[in-house]
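Here the structure is laid out as structure tokens; the discussion comes afterwards.
Number of protein chains: 4
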Amino acid sequence: MAKSKFEYVRDFETDDSCLPNCWIVVRLDGRNFHRFSEQHEFKKPNDDRALHLMTKCAQTVMQELEDIAIAYGQSDEYSFVFKKKSRWFKRRASKFMTHVVSQFASSYVFYWKDYFKDQQLLYPPGFDGRIVLYPSNQNLKDYLSWRQADCHINNLYNTVFWMLVQRSGLTPVQAQDRLQGTLAGDKNEILFSEFNINYNNEPLMYRKGTVLIWQKINEVMTKKIKLPEETEEKEVEVTRTRTKVVPLHCDIIGDQFWEEYPEILAEDS
Amino acid sequence: MAKSKFEYVRDFETDDSCLPNCWIVVRLDGRNFHRFSEQHEFKKPNDDRALHLMTKCAQTVMQELEDIAIAYGQSDEYSFVFKKKSRWFKRRASKFMTHVVSQFASSYVFYWKDYFKDQQLLYPPGFDGRIVLYPSNQNLKDYLSWRQADCHINNLYNTVFWMLVQRSGLTPVQAQDRLQGTLAGDKNEILFSEFNINYNNEPLMYRKGTVLIWQKINEVMTKKIKLPEETEEKEVEVTRTRTKVVPLHCDIIGDQFWEEYPEILAEDS
Amino acid sequence: MAKSKFEYVRDFETDDSCLPNCWIVVRLDGRNFHRFSEQHEFKKPNDDRALHLMTKCAQTVMQELEDIAIAYGQSDEYSFVFKKKSRWFKRRASKFMTHVVSQFASSYVFYWKDYFKDQQLLYPPGFDGRIVLYPSNQNLKDYLSWRQADCHINNLYNTVFWMLVQRSGLTPVQAQDRLQGTLAGDKNEILFSEFNINYNNEPLMYRKGTVLIWQKINEVMTKKIKLPEETEEKEVEVTRTRTKVVPLHCDIIGDQFWEEYPEILAEDS
Amino acid sequence: MAKSKFEYVRDFETDDSCLPNCWIVVRLDGRNFHRFSEQHEFKKPNDDRALHLMTKCAQTVMQELEDIAIAYGQSDEYSFVFKKKSRWFKRRASKFMTHVVSQFASSYVFYWKDYFKDQQLLYPPGFDGRIVLYPSNQNLKDYLSWRQADCHINNLYNTVFWMLVQRSGLTPVQAQDRLQGTLAGDKNEILFSEFNINYNNEPLMYRKGTVLIWQKINEVMTKKIKLPEETEEKEVEVTRTRTKVVPLHCDIIGDQFWEEYPEILAEDS
Chain A
1 MAKSKFEYVR
11 DFETDDSCLP
21 NCWIVVRLDG
31 RNFHRFSEQH
41 EFKKPNDDRA
51 LHLMTKCAQT
61 VMQELEDIAI
71 AYGQSDEYSF
81 VFKKKSRWFK
91 RRASKFMTHV
101 VSQFASSYVF
111 YWKDYFKDQQ
121 LLYPPGFDGR
131 IVLYPSNQNL
141 KDYLSWRQAD
151 CHINNLYNTV
161 FWMLVQRSGL
171 TPVQAQDRLQ
181 GTLAGDKNEI
191 LFSEFNINYN
201 NEPLMYRKGT
211 VLIWQKINEV
221 MTKKIKLPEE
231 TEEKEVEVTR
241 TRTKVVPLHC
251 DIIGDQFWEE
261 YPEILAEDS
Chain B
1 MAKSKFEYVR
11 DFETDDSCLP
21 NCWIVVRLDG
31 RNFHRFSEQH
41 EFKKPNDDRA
51 LHLMTKCAQT
61 VMQELEDIAI
71 AYGQSDEYSF
81 VFKKKSRWFK
91 RRASKFMTHV
101 VSQFASSYVF
111 YWKDYFKDQQ
121 LLYPPGFDGR
131 IVLYPSNQNL
141 KDYLSWRQAD
151 CHINNLYNTV
161 FWMLVQRSGL
171 TPVQAQDRLQ
181 GTLAGDKNEI
191 LFSEFNINYN
201 NEPLMYRKGT
211 VLIWQKINEV
221 MTKKIKLPEE
231 TEEKEVEVTR
241 TRTKVVPLHC
251 DIIGDQFWEE
261 YPEILAEDS
Chain C
1 MAKSKFEYVR
11 DFETDDSCLP
21 NCWIVVRLDG
31 RNFHRFSEQH
41 EFKKPNDDRA
51 LHLMTKCAQT
61 VMQELEDIAI
71 AYGQSDEYSF
81 VFKKKSRWFK
91 RRASKFMTHV
101 VSQFASSYVF
111 YWKDYFKDQQ
121 LLYPPGFDGR
131 IVLYPSNQNL
141 KDYLSWRQAD
151 CHINNLYNTV
161 FWMLVQRSGL
171 TPVQAQDRLQ
181 GTLAGDKNEI
191 LFSEFNINYN
201 NEPLMYRKGT
211 VLIWQKINEV
221 MTKKIKLPEE
231 TEEKEVEVTR
241 TRTKVVPLHC
251 DIIGDQFWEE
261 YPEILAEDS
Chain D
1 MAKSKFEYVR
11 DFETDDSCLP
21 NCWIVVRLDG
31 RNFHRFSEQH
41 EFKKPNDDRA
51 LHLMTKCAQT
61 VMQELEDIAI
71 AYGQSDEYSF
81 VFKKKSRWFK
91 RRASKFMTHV
101 VSQFASSYVF
111 YWKDYFKDQQ
121 LLYPPGFDGR
131 IVLYPSNQNL
141 KDYLSWRQAD
151 CHINNLYNTV
161 FWMLVQRSGL
171 TPVQAQDRLQ
181 GTLAGDKNEI
191 LFSEFNINYN
201 NEPLMYRKGT
211 VLIWQKINEV
221 MTKKIKLPEE
231 TEEKEVEVTR
241 TRTKVVPLHC
251 DIIGDQFWEE
261 YPEILAEDS
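Chains as they are written, first to last, in full-length UniProt numbering: chain A, 1 to 269; chain B, 1 to 269; chain C, 1 to 269; chain D, 1 to 269.
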């Protein structure tokens with residue numbers, strides 16, 4: 001059973017290292033989540049349990065993997081942005097993609113019950129992933145803007161669509177026909193005049209999606225210590241600075257976000 | 001929020017289609033499974049629960065995804081072989097890799113309790129994956145032989161190593177030193193003379209790993225039917241042919257396996 | 001002027017090795033050869049000088065580079081097939097492509113006057129190239145058949161087209177209109193009934209293109225030698241076996257060619 | 001001869017488009033130019049005829065191809081930098097490489113006699129090429145600096161080496177031994193003390209290589225025109241602005257060059 005006789009097959013592996021000095025984005029999507037969300041009775045148009053679970057999984061990915069500078073999620077997708085200078089796994093594309101989606105998928109099942117309580121998970125879900133490189137900061141910002149604009153467009157549509165179905169009793173086909181060819185302004189108008197809903201007052205998480213960034217957190221802990229000259233332990237308060245993944249629901253298309261968190265795009269990041 | 005202004009970022013995605021008429025292998029490995037197996041008290045050198053769970057996940061992958069002709073697993077790794085002629089997702093490498101590892105990872109958590117019972121899963125595990133193309137049947141068979149030869153070499157080593165530690169009371173370092181430079185024959189001899197173990201009698205699953213193939217199964221089912229001319233339902237037996245993923249623990253290095261299952265490599269498969 | 005400070009830029013080069021055990025085809029095309037052929041007064045529909053020069057360049061490529069098993073040319077294109085097992089330049093795609101086209105291009109100018117005599121070369125021509133991998137022998141044969149079928153279709157069209165222009169006095173647009181929608185049979189019929197030409201009697205080089213293969217040639221040379229016991233040199237005949245690139249104008253779509261030259265596709269070639 | 005039956009082979013071609021918004025560098029090297037330069041009696045360490053011919057070929061490449069912003073050459077190599085925003089041939093790597101090397105190679109033979117006069121070209125030379133992407137302007141400048149630093153190091157070495165051989169009568173092996181382990185300062189010292197040569201007075205073209213950039217040139221031409229009210233033609237002077245490829249022999253490592261020609265790196269270039 002000479003292993004060496006077969007080892008030549010390793011030469012068929014190809015080098016898939018990502019070009020240096022580019023942002024590496026891995027975007028993950030739920031597989032067949034339309035069906036999955038129906039089978040698990042997701043609330044329409046937005047299910048808080050599902051959105052929070054997605055974010056919990058994305059946080060786990062950021063904490064377990066290395067060099068992720070920022071992540072952005074909406075609906076059943078999440079994008080993870082690895083630093084330009086990352087040397088993790090020699091920048092091999094397959095490593096980035098598979099670590100992201102496998103960690104996300106196992107987390108989804110692992111944390112399911114924390115969010116869905118009595119709603120049983122019926123089967124293990126799948127996710128797919130892709131990798132894209134962006135050479136400049138502007139390209140990266142435009143990528144994230146593209147996803148957030150997509151979130152807005154879909155959420156506005158879904159909000160009106162499900163109002164028409166749930167409140168006005170239209171069938172899905174009728175609701176679709178009603179919205180055919182309408183512009184954003186038309187949809188806002190329907191929401192306001194027919195359902196008394198001001199779209200701008202809808203929750204930010206629905207309208208903007210979720211941004212995950214690293215932030216320094218000061219934690220005050222209570223610790224028991226025994227000083228040399230004393231015989232008894234005593235409790236003291238200790239302040240510790242930790243870096244944590246924090247979710248935000250804010251606009252990332254305009255400049256304000258990037259001015260507020262310049263470290264995300266900083267050259268030496 | 002004009003989405004179109006940002007859509008140019010899609011042009012940065014690259015086409016990663018696999019060369020046609022080649023076998024596509026996706027191999028998956030557990031991430032940091034050395035640590036994982038210790039934390040979850042895996043039995044050494046082989047834990048049946050862990051091996052059966054791996055195989056359950058691999059079966060799920062074969063059933064949920066398309067065009068997988070055969071899979072082979074050992075230890076914390078599994079290789080999935082997609083058919084030469086597969087057109088699934090236009091043969092895009094990223095799709096193959098991410099669907100395999102995400103489905104495997106979510107299944108691992110989902111089915112954990114069926115195999116590990118009271119042993120709690122402490123955190124969601126990660127897996128990595130890679131993709132390799134093999135142009136000829138011989139290349140593919142050599143790839144699978146390479147993995148099975150690897151299984152044999154590792155399992156023989158581990159079997160002796162853990163005997164020395166568990167039965168002879170050596171420390172891991174001492175056991176390692178003892179085995180330094182030994183050949184297969186030496187290891188067999190230690191097992192036999194010191195522990196009265198004939199390595200060839202060790203379970204096939206440990207020595208050969210697990211092969212997953214599709215097999216036609218005749219299922220006899222009981223069905224209630226009501227014939228037109230009768231008033232009461234009556235039970236009849238119905239035989240149904242289904243295709244199922246079946247685990248085998250056999251040699252795949254020699255010709256016998258491939259002669260017995262010629263359909264696996266068949267040109268039009 | 002520390003070179004080392006800048007050397008990091010080498011990390012941006014990517015590995016473009018071709019998958020092992022595949023045929024590597026480099027196809028080269030003349031750049032803007034429609035214009036080039038007009039400016040250099042190529043005879044229409046086929047110019048023997050131009051075709052022979054193309055073949056001379058292709059022979060030079062086969063002799064100067066390594067591991068080319070067969071080449072096929074027609075019109076202003078040539079395909080070079082590198083052996084499946086070739087390890088030349090670690091199978092790097094860029095090396096294969098650039099060596100082929102640069103050697104071809106320099107040879108085109110170098111040998112121009114041998115074929116075009118007083119017809120001056122007005123400017124240095126350009127060529128483009130691409131690389132394609134074929135895993136199986138059947139794929140490779142189908143590739144070459146594709147190019148030869150293309151040769152046939154184009155040459156039949158061009159033969160009728162130029163007859164209509166040169167002999168019947170049609171304008172190019174009129175000739176094009178006349179041929180619009182005609183099948184092969186129609187074109188043969190026009191040639192025969194209007195110009196008394198049996199297409200099958202047209203030169204093989206025009207109808208089949210040119211195949212270049214390696215053949216063993218016995219050369220009889222006259223050599224002067226001086227035997228030890230003699231004082232004078234004397235002439236003897238010596239037979240030497242050389243391997244030479246030989247042009248053929250034959251069908252390569254059917255089996256006959258491949259049966260006659262089995263060494264081209266031989267596994268260990 | 002159904003072409004369509006074989007057309008499936010086109011699916012084996014892969015998309016090799018370069019990542020958008022990156023500088024695309026194609027570097028070309030002479031193949032076996034050590035031997036070539038000996039056979040064609042190049043003057044050592046630098047042959048003006050050969051260097052000027054290389055530059056003539058590079059100018060031709062820049063004029064015939066599209067979107068080349070700058071080129072840099074030394075010895076038997078030339079680097080061509082395509083604009084970040086170039087959409088030429090959909091940014092396909094194979095197109096960029098093969099057009100560059102084939103145009104260069106045919107030009108080399110075509111213009112040979114203009115530079116080498118009675119020195120016959122013995123055979124058609126080959127060139128190889130590679131392609132590298134650089135995401136940022138700094139990366140590109142560092143690439144060009146790397147090549148110019150290489151030029152300096154090699155030229156200083158070669159200048160001393162050939163002095164030792166040509167003037168001091170050392171054999172090549174002796175000269176090599178003498179220079180083993182010497183630093184730049186040592187080599188300058190040998191040149192000065194033994195051969196009375198101040199390296200800094202050596203020609204810039206040898207020390208810095210050749211930079212090719214586009215420059216606007218005002219050309220004054222004499223043109224014959226006939227004004228409507230007159231019967232005779234008369235000569236007038238016309239000033240025309242043309243863009244021309246201009247060679248420079250200057251430092252491109254420092255900032256001065258890039259400040260003088262900011263348009264080369266300009267974002268919208």
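Glycine included, each C-beta is placed from N, C-alpha and C at the ideal position. Since we're looking at a predicted model, the values are computed, not measured.
If you measure from the beta carbon of residue i to each beta carbon in chain A, is any gap under 7 Å?
i	result
D67(C)	no
Quick check on residue i - is its C-beta less than 7 Å from some C-beta in chain D?
i	result
F96(B)	no
H99(C)	yes
S106(C)	yes
A175(C)	no
I153(C)	yes
W162(C)	no
Would you tell me roughly how many angstroms separate the C-alpha atoms of residue i and residue j, rounded to the nearest one?
i	j	result
R91(D)	D16(D)	8 Å
D164(A)	A175(A)	One detail in the question is off: residue 164(A) reads as Leu in this sequence, not Asp. Roughly 6 Å between the two C-alpha positions.
I70(B)	L144(B)	10 Å
G126(C)	N155(A)	53 Å
H40(B)	K187(A)	53 Å
K85(D)	P20(A)	19 Å
F80(A)	R147(A)	12 Å
K216(C)	L140(A)	60 Å
F36(B)	E194(A)	56 Å
F192(B)	D118(B)	35 Å
Y72(C)	I131(D)	27 Å
On a Cα-Cα basis, can you pick out the residue from the options that is closest to residue i?
i	options	result
V246(D)	N154(D), I68(D), A266(D)	I68(D)
V25(B)	G169(B), N137(B), F110(B)	N137(B)
K226(C)	A105(C), K244(C), V211(C), E235(C)	E235(C)
H34(A)	S145(A), A50(A), A175(A)	A50(A)
T210(D)	N32(D), E13(D), L53(D)	L53(D)
L183(B)	Y8(B), V160(B), I217(B), I197(B)	V160(B)
F6(D)	D150(C), E230(C), R240(C), L179(C)	D150(C)
L121(D)	Q119(C), P124(C), A58(C), Y111(C)	Y111(C)
residue 274(B)	T239(B), I213(B), A93(B)	Beyond the ends of chain B as shown, which are 1 and 269, falls residue 274(B); an answer cannot be given.
L204(D)	P228(D), Q180(D), N46(D)	N46(D)
V101(D)	Q119(D), S4(D), E77(D)	E77(D)
G181(C)	I197(C), Y157(C), E13(C)	Y157(C)
C57(B)	S107(B), W23(B), R27(B), E66(B)	S107(B)
K44(D)	T171(D), D251(D), W162(D)	W162(D)
Q74(C)	D251(C), N198(C), Y123(C), A93(C)	D251(C)
When you compare the CB of residue i with every CB in chain B, is at least one pair closer than 7 Å?
i	result
N139(C)	yes
D186(A)	no
Y143(A)	yes
Is the Cβ of residue i closer than 7 Å to any Cβ of chain C?
i	result
K216(D)	no
K208(D)	no
- Message: Against chain A, which members of the UniProt domain "tRNAHis guanylyltransferase catalytic" (6–135) of chain D pass a CB distance test of less than 7 Å?
- Response: Under the 7 Å Cβ criterion, the UniProt domain "tRNAHis guanylyltransferase catalytic" (6–135) of chain D contributes L19, N21, C22, L133, P135.
- Item | Short-range partners of chain C found in the region 237–268 of chain D, where Cβ spacing is below 9 Å | Cβ contacts with chain C: I253.
- Query: Taking only runs of the alpha helix (DSSP H) that begin and end inside the region 175–213 of chain A, which ones reach a length of at least 4 residues, in chain order?
  - Reply: Entirely contained in the region 175–213 of chain A, the alpha helix (DSSP H) runs reaching 4 residues are, in chain order, 184–195, 204–208.
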